[in-house]
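FYI, the numbering for the sequence shown is 1 to 408, going by UniProt numbering. For every residue, glycine included, the Cβ atom is placed at its ideal position computed from N, Cα and C.
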Amino acid sequence: MATACRRGVKRRWPPLQDLLEEATCSICLDYFQDPVLIPECGHNFCRGCLTRNWGTSESKASCPKCRQTFAPRSILPNRQLARVLEHETLTCVVCDRFKEHEGHSVIPAEEAVQEYQVGISQEESLQETARFLAFLAILRSDLIEKVKKNIVAEFRELHLWLEGREKLLLFKMEETEKDIMARKEKGLAKHMEEVRSLDHLIQEIEEKLQQPVSKLLQVSCCSILFFSHTRPAAEALIFLPSFLPFPLTVKVTVNPHTVDPDSLKISEDQKSIKGLKGFLYNASVLGCQMFSSGRHFWDVILGGTTGWFLGVTSKPVNIKNVHAQTRQWRIGEWKGKYTAISPSERSELVLTESPIRIRISLNCEGGQVSFFDVRTTALLHTFSDASLVGETLLPYFYLSEGISMTFL
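And the structure:
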């Protein structure tokens, strides 16, 4: 069995390919069999291979490997190489010159080759791992740089977008502020004109209060016409009663005999009422007062959200099924929509604010019913109907569940 020394020039063997070439005949390309040495050039061959190559001629011979010629033919047996091949041992020079392998540990050549190959494989694996780690480091660095650039670009784009939005919003705020100021100035000028007109009206009425009542009524009508230059005459009627020495206000009370107790609840003083159920035709009630001449008004305070109507109605023949046998002139709200309804018209009302206190103004001779928002003094709607003239009229109210009305 071939062995290899573990000491001496440990792990500094020549390359494995060189060792194999040194032990191989260049003619038969196999391990030497009875190796001989050509002294002129120093090359080794199998005795049989060299003899067959030279043939039987006694002329000059040449080395099959280097082609050097020489004569006469001479070869020497290479005993050292023969011993190596015979024992299949690979020993160092020191071991070869002294007592064979004394004190040295040897291993089989096959194991030595495996160790050599394992060493090479481990070294190559380490080198491959090092190259892979270096590649990962470069890849990581490139990826981090790319992510940084993307983040910077996105934040720059976001910053530009926010700047644009900021400028747009500031511009809109400035435009809104200008619009509000313009409306405020316009409204202020309008109200100042109205205040001056009211001051003039109050002053004129106060001056004439000392005169007889008949003259006072004539002057007041003229004053109303004067006031109508800045506001509709019907709207001016709201302010007139507080300056007159006689009452025009009607203290409305509801007629309990016209109420369905399952639908409506009346207070003891009959000046307030509350709806108990949803949309029902019998959830209406009439006032006790009747009007066929003159001018009259009364205020109603609303409570709740949706589902109410108020106005005037013609006198019913009996108190049963009032809604079917009467005609109404009324305004109201149902599911967020405001409506004006009479026997001859039906129209939607556009209100900027939900009224809380509504004034109903009735002019029997003029055939008019007007509705005002007392808080804003805005005219909500006016019915002008000739059929009102000569008709006996009563206050009319309709309430759905959750709605309340108080009469002033």
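Given a cut-off of 7 Å, decide if residue j and residue i are closer than it, judged by their beta-carbon atoms.
i	j	result
I358	V285	no
T258	I319	yes
S314	R330	no
C25	C41	no
G336	S400	no
A340	L349	yes
I403	G304	yes
D34	R47	yes
H43	K65	yes
S347	F383	no
Please determine, among the options, the residue with the shortest C-alpha to C-alpha distance to residue i.
i	options	result
A386	I266, G367, S263	G367
L302	F397, F291, T176, T69	F397
E353	I360, E345, V374	V374
L394	Y31, V369, I360, M290	M290
L310	S267, P355, P261, F135	P355
D269	R183, F407, S121	F407
H381	S370, L136, E391	S370
T392	F383, T376, E365	E365
S344	L388, K178, S57, A324	L388
I27	A130, T376, R67, S57	R67
A23	S57, P39, R83	R83
I38	G187, W54, F155	W54
Where do the N-terminal and C-terminal ends of the alpha helix (DSSP H) with residue i fall, by residue?
i	result
Q325	322-325
Got a sec, what are the start and stop residues for the beta strand (DSSP E) residue i sits in?
i	result
N363	357-363
N44	44-46
S26	Per DSSP, S26 belongs to no beta strand (DSSP E) and is neither H nor E.
R375	First-last for R375: undefined, no H or E at that position.
H296	295-303
S344	Note, S344: premise wrong, no beta strand (DSSP E); not H, not E.
M405	404-407
S387	Here S387 belongs to no beta strand (DSSP E), and DSSP marks it neither H nor E.
S314	308-314
R330	328-334
K265	264-266
Y31	Careful: Y31 lies outside any beta strand (DSSP E) and carries neither H nor E.
G275	272-275
R291	Sequence check: residue 291 is Phe here, not Arg. Premise fails: F291 is in no beta strand (DSSP E) and is neither H nor E.
L399	393-399
Can you tell me the Cβ-Cβ gap for residue i and residue j, rounded? I've got them flagged as a contact below 8 Å.
i	j	result
L362	V312	6 Å
I273	M405	5 Å
S267	A283	With 8 Å as the limit, S267 and A283 do not qualify as a contact, their Cβ atoms being about 17 Å apart.
L85	F32	5 Å
L50	V36	6 Å
G275	N255	In fact, because the Cβ distance is near 17 Å, the residues do not count as touching under 8 Å.
Can you find a C-beta in chain C that's less than 7 Å from the C-beta of residue i?
i	result
A283	Of the protein chains in the structure, only one exists, and it is not chain C.
Q. Per the contact definition of three or more C-beta pairs closer than 8 Å, is the stretch 117-132 in contact with the stretch 67-77?
A. No, the stretch 67-77 does not touch the stretch 117-132.
**Q.** Three-pair Cβ contact test at 8 Å for the stretch 291-299 versus the stretch 265-280
**A.** They do not touch, by the three-pair rule.
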